[in-house]
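Residue numbers (UniProt numbering), protein chains in the order written: chain A, 1 to 502; chain B, 1 to 452.
The block underneath contains the structure these notes are about, expressed in structure tokens.
Here is the structure:
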């Protein structure tokens with residue numbers, strides 16, 4: 001007889017003990033047992049009631065063949081039957097597998113970015129500042145829903161059904177999105193040369209491309225800048241595309257290491273795949289200048305490299321979406337075929353809606369149709385078709401000229417506030433007499449500032465001043481307000497004033 | 001040298017390796033030249049080829065292609081019985097009243113923001129979803145042994161679960177019923193699992209091949225994963241009885257087979273949320289572990305919002321928490337965090353007693369309309385004296401009926417009667433109405449009597 005470790009079955013006990021000791025659902029039954037301790041002999045159906053509850057109220061008598069009801073029906077019949085049942089097969093409670101299949105699963109490390117907000121939320125200090133989160137905040141530190149979005153939602157609610165979108169998503173939304181990236185009057189759009197599908201924000205667009213790259217260029221690898229958004233590494237890893245890195249950030253100048261970057265581009269094998277941040281590089285805020293982009297584009301032509309742009313901040317960087325798409329327009333002029341991941345998380349504040357777009361520029365319409373169909377084949381076993389709500393918001397706004405104007409204004413407001421905070425933070429630090437150079441705060445662009453703070457300095461900021469940021473020293477300028485910029489500057493000054501370099 | 005062709009079905013590792021060899025053997029392969037000029041480079045402007053010029057067009061999705069064909073047909077009597085989406089008596093898509101109400105509440109609440117959800121999704125939604133499928137008093141929930149993560153409807157929940165299994169489970173084989181939803185094998189294959197089948201549908205009886213099922217599961221290697229349709233099997237509409245479920249459960253537990261439930265029709269099948277969850281609850285009640293993918297596409301009519309949840313029932317709370325942390329690592333590089341809108345609607349409804357009750361009533365109305373369509377179709381065929389036993393129409397359950405018609409008969413019905421369905425003879429009862437049942441019955445009758 002197999003000893004069922006989970007039961008405290010003592011076959012030598014008397015009837016009452018035996019009933020007490022049968023453990024099916026250990027904790028639950030123990031609670032009930034304690035309650036019933038003096039009444040067991042009056043409740044022949046106690047077990048049955050217990051199981052009725054387990055099964056959500058379904059009546060027991062309906063299921064004569066279950067082994068658990070077998071146990072209890074024999075229970076109702078008498079304890080001798082129970083002894084028989086327990087002594088024989090132990091078919092009842094997870095009999096075979098005494099332990100979980102997942103016992104050996106290791107706890108995963110916390111996400112380095114999202115863990116910061118968790119820690120911030122747990123901090124009771126009233127002066128705490130969250131400059132870790134990559135989400136826009138207004139000058140009161142509050143999240144913002146754009147007015148154009150509210151209006152779009154009002155128009156949508158109650159009027160449309162919730163049928164499945166096609167696998168490639170909302171055609172209307174994709175069309176409008178391509179205009180943003182490729183230009184309103186782009187010939188490529190007219191000639192239908194762009195294979196494009198709605199994707200789950202920037203992450204989903206990158207992942208879909210990575211899977212596509214794996215399937216159709218299985219011998220390729222991806223070159224990723226150092227540093228980059230941490231999740232880029234995860235995405236291409238999970239798509240099983242090997243990764244290499246290329247120089248990007250220059251710590252000494254807190255700017256672009258252009259020479260080293262060009263070297264890496266030249267030394268990579270011809271036809272390599274490169275991930276480029278179209279604007280507002282995350283996490284450094286350091287972008288190539290227009291001249292530098294032209295040099296990069298030229299070298300890509302010489303080497304035959306494939307450019308994949310991650311554009312998560314169009315409009316958010318300079319305040320002008322056309323200006324922020326400059327890198328892409330340069331590559332278009334130079335005749336490259338490339339891919340783009342676009343996101344509306346930041347520039348339309350649609351973070352949680354997960355709205356984005358993946359596009360791949362092709363030779364002709366026929367190829368675009370083929371590529372799009374294959375992208376859909378990858379989307380189908382991942383999520384079948386993308387969520388409709390966010391896409392409706394985007395297409396409602398972008399296809400209405402008045403609403404689109406409102407959006408453009410609101411994007412500029414967000415970008416301007418950030419630029420203003422950059423100026424204020426740098427100004428405060430200089431006013432405090434910091435020995436270090438803080439020029440990079442206003443040189444860098446977009447949501448993030450790569451402060452140059454070391455992990456130890458960041459820890460001090462957190463522990464002593466309750467200021468939360470990622471340990472690479474990345475400050476989300478969106479979290480800086482007129483209310484906290486002085487405090488932030490003071491704290492940064494404190495932890496850096498004794499350092500000769502940062 | 002011709003570039004190798006790539007279709008989605010030919011992207012096996014062997015094919016890919018062959019294609020790499022072929023490209024390297026090609027004399028004009030551009031990647032072999034180290035100091036090439038601009039014209040030979042793969043991505044250089046309009047002079048060169050795109051690096052994806054070898055990509056060929058993928059075949060149309062067999063299910064969604066039916067609607068495409070239907071849309072093209074100008075006939076006034078055309079009938080779309082392909083789509084797996086509920087239609088009213090007027091043939092219109094339906095947004096539940098309670099869903100509209102919830103939406104309005106969300107829109108009017110100016111305090112709501114659109115921030116990122118956590119990686120695992122909306123916490124309230126997750127808790128309520130677990131309660132819905134496992135029962136409010138489920139000991140597994142009370143003991144914190146369940147981890148639930150919000151995913152993109154049923155598809156997304158299956159994919160996240162399968163990716164987790166491919167990374168952390170000792171067995172790489174998943175057994176799926178024959179037949180099953182067309183997307184199942186693709187989901188599991190792409191996740192890195194190896195797909196095998198077990199007998200399920202018996203064409204002779206148009207019912208369950210129970211013996212075959214037991215034999216096939218009985219001979220599966222210990223620990224294999226088994227996909228189970230919680231209720232309203234898609235595409236056949238054939239479900240095991242509760243007695244049969246119990247036998248399946250015993251067999252599976254005795255062989256330590258891991259159950260992976262796909263629950264896409266809870267409440268939609270019989271009209272009762274609890275009854276439709278019985279199979280799942282039986283497995284949870286025995287204390288063992290299982291995976292459950294839930295979808296709100298049909299039972300709340302939230303199709304395009306992509307709302308679903310993956311639950312993993314574990315032996316201990318500690319294990320459940322570790323599993324959750326690993327599920328996050330699957331989700332983050334796939335879509336970072338799930339969409340907020342649909343989950344907010346579901347949570348709004350499930351947590352409010354009145355709205356929940358309203359929902360159950362609307363849900364039962366949908367299920368009842370489908371059941372009445374089944375009866376009407378059965379009666380209509382009997383009235384016409386159509387040869388054959390059509391009782392399976394009223395025995396099968398859920399949105400679909402596996403008519404038993406073959407592909408020639410289906411093609412005939414499309415050609416002559418403008419009736420659109422998948423070529424395996426599956427019809428969506430949701431697409432029928434009292435007005436259109438006679439037309440369908442005529443078509444079936446003609447197909448069965450006119451053809452051999």
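The C-beta atom is built at its ideal place from N, Cα and C for all residues, glycine as well.
It should be emphasised that the depicted structure is a prediction, and the values quoted were computed from it without experimental measurement.
Leaving out five residues before and five after residue 324 (chain B) in sequence, what residues of the same chain have Cβ atoms less than 6 Å from its Cβ?
-> In the second chain, counting from the first residue as 1, residue 324 (chain B) sits at position 324. Correct list, in chain order: 147.
Shorter than 8 Å from the beta carbon of residue 266 (chain B) to some beta carbon of chain A?
-> Taking the first residue of the second chain as 1, we reach residue 266 (chain B) at position 266. Judged by the 8 Å Cβ criterion, residue 266 (chain B) is not in contact with chain A.
Going by CA-CA distance only, name the one from B:225, B:379, B:383 that's closest to residue 163 (chain B).
-> Your numbering for residue 163 (chain B) matches position 163 in the second chain. Selected option, being the one with the closest Cα: B:225.
Taking only beta-carbon atoms, is residue 397 (chain B) less than 8 Å away from chain A?
-> In the second chain, the residue the question calls residue 397 (chain B) occupies position 397. Chain A contact via Cβ: absent.
Identify which residue in B:382, B:417, B:220, B:386 has its Cα closest to the Cα of residue 171 (chain B).
-> On the second chain, position 171 is the one that residue 171 (chain B) refers to. From the listed residues B:382, B:417, B:220, B:386, the smallest Cα separation to residue 171 (chain B) is found for B:220.
Closer than 6 Å by C-beta to residue 440 (chain B): which residues in its own chain qualify, once you throw out the five before and the five after it? Chain order, please.
-> For the purposes of this step, residue 440 (chain B) is taken as residue 440 along the second chain, with counting starting at 1. Excluding sequence neighbours, residue 440 (chain B) sits near nothing in its chain.
Residue(s) in a DSSP beta bridge with residue 196 (chain B) = The count along the second chain starts at 1 and reaches residue 196 (chain B) at position 196. DSSP, once it has assigned bridges, lists B:175 as partnering residue 196 (chain B).
Per the contact definition of three or more C-beta pairs closer than 8 Å, is the region 152-163 of chain B in contact with the region 147-160 of chain A?
-> By the C-beta criterion, the region 147-160 of chain A is judged not to be in contact with the region 152-163 of chain B, since fewer than 3 inter-stretch pairs fall below 8 Å.
Compute the distance between the beta-carbons of residue 56 (chain B) and residue 331 (chain B), then report whether it is under 8 Å.
-> Position 56 of the second chain, counted from the start, is the residue given in the question as residue 56 (chain B). Position 331 of the second chain, counted from the start, is the residue given in the question as residue 331 (chain B). No.
Which residue from A:457, A:293, A:466, A:334 puts its Cα closest to that of residue 498 (chain A)?
-> Within the first chain, residue 498 (chain A) is the residue found at index 498, counting from 1. The alpha carbon of residue 498 (chain A) has as its nearest neighbour, out of A:457, A:293, A:466, A:334, the alpha carbon of A:457.
Straight-line CA distance for residue 111 (chain A) to residue 133 (chain A)?
-> Counting from 1 along the first chain, the entry for residue 111 (chain A) is found at position 111. Counting from 1 along the first chain, the entry for residue 133 (chain A) is found at position 133. Computed Cα separation, rounded: 12 Å.
C-alpha distance - residue 449 (chain B) paired with residue 414 (chain B), whole-angstrom precision | Walking along the second chain from the start, residue 449 (chain B) turns up at place 449. Walking along the second chain from the start, residue 414 (chain B) turns up at place 414. When rounded, the distance between both Cα atoms is 16 Å.
Does DSSP put residue 202 (chain B) in a helix, a strand or coil?
-> Your numbering for residue 202 (chain B) matches position 202 in the second chain. Reduced to three states, the DSSP call for residue 202 (chain B) is strand.
Anyone know if the C-beta pair for residue 173 (chain A) and residue 406 (chain A) falls short of 8 Å?
-> Counting from one through the first chain, the residue named residue 173 (chain A) turns up at place 173. Counting from one through the first chain, the residue named residue 406 (chain A) turns up at place 406. No, the pair does not count as a contact, with Cβ atoms beyond the cut-off.
Using 8 Å as the Cβ pair cut-off and three pairs as the minimum, do the region 205-216 of chain B and the region 237-250 of chain B touch?
-> yes
Is the CB of residue 310 (chain A) under 8 Å away from at least one CB in chain B?
-> For the purposes of this step, residue 310 (chain A) is taken as residue 310 along the first chain, with counting starting at 1. False, the Cβ-Cβ gap to chain B never drops below 8 Å.
Nearest to residue 244 (chain B) by alpha carbon, out of B:267, B:264, B:283, B:265?
-> On the second chain, position 244 is the one that residue 244 (chain B) refers to. Comparing C-alpha distances from residue 244 (chain B) to each of B:267, B:264, B:283, B:265 shows the shortest one belongs to B:283.
What do you reckon, is the C-beta of residue 394 (chain A) under 7 Å from a heavy atom of the ligand FMN?
-> The ligand FMN is not among the ligands present in this structure, which contains no ligands whatsoever.
Minimum Cβ-Cβ distance from residue 200 (chain A) to chain B less than 8 Å | Along the first chain, one-based indexing puts residue 200 (chain A) at 200. Residue 200 (chain A) counts as touching chain B.
Between which two residues does the beta strand (DSSP E) harbouring residue 327 (chain A) extend?
-> Here residue 327 (chain A) refers to the residue found at position 327 when the first chain is read from its first residue. Under the DSSP assignment, residue 327 (chain A) falls outside any beta strand (DSSP E), being part of the alpha helix (DSSP H) whose first and last residues are 326-333.
Which value, in whole angstroms, describes the spacing of the CA atoms of residue 160 (chain A) and residue 462 (chain A)?
-> Walking along the first chain from the start, residue 160 (chain A) turns up at place 160. Walking along the first chain from the start, residue 462 (chain A) turns up at place 462. Taking the straight line from one Cα to the other gives about 47 Å.
If I'm right that residue 324 (chain A) touches residue 279 (chain A) with Cβ under 8 Å, what's the distance once you round it to whole angstroms?
-> Walking along the first chain from the start, residue 324 (chain A) turns up at place 324. Walking along the first chain from the start, residue 279 (chain A) turns up at place 279. Right, the Cβ-Cβ distance comes to about 4 Å (below 8 Å), so this counts as a contact.
Identify whether residue 159 (chain B) lies in helix, strand or coil by the three-state DSSP scheme.
-> Taking the first residue of the second chain as position 1, residue 159 (chain B) is located at position 159. Helix.
Unbroken beta strand (DSSP E) run spanning residue 236 (chain B), endpoints | Here residue 236 (chain B) is taken as the residue at index 236 of the second chain, counted from 1. Where residue 236 (chain B) is concerned, there is no enclosing beta strand (DSSP E), given that its DSSP letter is neither H nor E.
Can you give me the Cβ contacts of residue 296 (chain B) inside the same chain, cut-off strictly under 6 Å, excluding the 5 residues immediately before and after it?
-> Reading the second chain from its first residue, position 296 is the one you call residue 296 (chain B). Excluding residues within five positions, the ones whose Cβ falls inside 6 Å are 302, 307, 346.
Drop a sphere of 10 angstroms on the beta-carbon of residue 289 (chain A), count the other beta-carbons inside from all chains shown, and report buried for 16 or more, exposed for fewer.
-> As a position in the first chain, residue 289 (chain A) is number 289, starting the count at 1. Exposed, since its Cβ has fewer than 16 Cβ neighbours within 10 Å.
Members of the region 81-113 of chain B near chain A, C-beta cut-off 7 Å | Here the close residues are 85, 93, 95, 100, 103, 104, 107, 113.
Spell out a yes or no on whether the region 173-193 of chain B and the region 352-368 of chain A are touching, meaning 3 or more CB-CB pairs, one atom from each, closer than 8 Å.
-> no
Residue 235 (chain A) versus residue 314 (chain A) - alpha carbon distance | Counting from 1 along the first chain, the entry for residue 235 (chain A) is found at position 235. Counting from 1 along the first chain, the entry for residue 314 (chain A) is found at position 314. Cα to Cα, residue 235 (chain A) sits roughly 21 Å from residue 314 (chain A).
Cα separation between residue 346 (chain A) and residue 136 (chain A)?
-> Here residue 346 (chain A) refers to the residue found at position 346 of the first chain. Here residue 136 (chain A) refers to the residue found at position 136 of the first chain. Inter-residue distance for residue 346 (chain A) and residue 136 (chain A) is about 7 Å (C-alpha atoms, whole angstroms).
DSSP three-state assignment for residue 251 (chain A), whether helix, strand or coil | The residue labelled residue 251 (chain A) in the question sits at position 251 within the first chain. The answer is coil: DSSP assigns residue 251 (chain A) none of H, G, I, E or B.
To the nearest angstrom, report how far apart residue 482 (chain A) and residue 109 (chain A) are at their CA atoms.
-> Against the first chain, residue 482 (chain A) aligns to sequence position 482. Against the first chain, residue 109 (chain A) aligns to sequence position 109. Between residue 482 (chain A) and residue 109 (chain A), the C-alpha separation is close to 35 Å.
Exposed or buried, which one is residue 484 (chain A) when buried takes at least 16 other CB atoms within 10 Å?
-> Counted from its first residue, the first chain places residue 484 (chain A) at position 484. Buried is the call here.
Please work out which residues of its chain come closer than 7 Å, Cβ to Cβ, to residue 112 (chain B), disregarding the five sequence neighbours upstream and downstream, and give them in chain order.
-> Position 112 of the second chain holds residue 112 (chain B). Result list for residue 112 (chain B): 106, in chain order.
Is the CB of residue 246 (chain A) under 8 Å away from at least one CB in chain B?
-> Stepping through the first chain from its first residue, residue 246 (chain A) is reached at position 246. Cβ-Cβ to chain B under 8 Å: no for residue 246 (chain A).
Could you check if residue 479 (chain A) is buried or exposed, using at least 16 other CB atoms within 10 Å of its CB as the buried criterion?
-> Against the first chain, residue 479 (chain A) aligns to sequence position 479. Answer is buried; the Cβ neighbour count reaches 16.
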